[in-house]
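Asker:
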Amino acid sequence: MNAMQLLNRVRVRGLHVCVPSMTFDLRKVELLPLDQRKLTFDSQSVCRELQENGFEKRQAELVVSALVSLTAANMDIVYRDMVTKSHQEIALQQMFSHLDSIRKDMVILEKSDFANLRSENSKMKRELEQIQNRLKEESRKVRAETKLDINLESSRMADVVGLMLHNIY
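Quick note: the sequence shown uses the UniProt record's numbering, first residue 1, plus one each step.
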């Protein structure tokens, strides 16, 4: 089995799997351009070492090519997961912005709740004033009826006293 078949089998098995992480307000930002991403090993010396240990030139080049592509893929994953200070500050500012908007929404809700409470309070005050006015009116009526009853009794008593005095004389 040559290195190409081995490489294809690894790809078929799906051993190299990367799951994108779900984050809040995810933005794809290239931290380093592709030309600045450098490999950290000498591919020619690795190829030469493989040839010295029994690989044919084509096989050694294929293995090195696979190593280069795997290293590049791993570097892409590492760079994708890295965050620079400026990007971290941007994310922090975005979070603060979202928190500010939430605070504003809360203030608006509190004000509307306060306005609702104020309107309910004024409605209850009006109802209380109406009840007080009804009670005052009822007490006036009772007072007027009582005065009328007292005046009627007083005049009846005066008539009775007058009749008694008239009968005596």
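Positions of the beta carbon are idealized from the N, C-alpha and C atoms, including for glycine.
Should VAL64 be labelled buried (16 or more other beta-carbon atoms within 10 Å of its own) or exposed?
Answerer: The residue in question, VAL64, is buried, as its Cβ has 16 or more Cβ neighbours within 10 Å.
Asker: Please report the distance separating the alpha-carbon of SER43 from that of GLN51.
Answerer: If I take the Cα positions, the gap works out to 12 Å.
Asker: Taking only the alpha-carbon atoms, compute the straight-line gap between ASN167 and ARG156 and give it to the nearest angstrom.
Answerer: Roughly 16 Å separates the two Cα atoms.
Asker: Do VAL46 and LEU67 count as a contact pair if the criterion is CB distance below 8 Å?
Answerer: The answer is yes: Cβ separation under 8 Å.
Asker: Apply the 10 Å Cβ neighbour rule to ALA158 and answer buried if 16 or more other Cβ atoms are within range, or exposed otherwise.
Answerer: When all chains shown are included, ALA158 counts as exposed.
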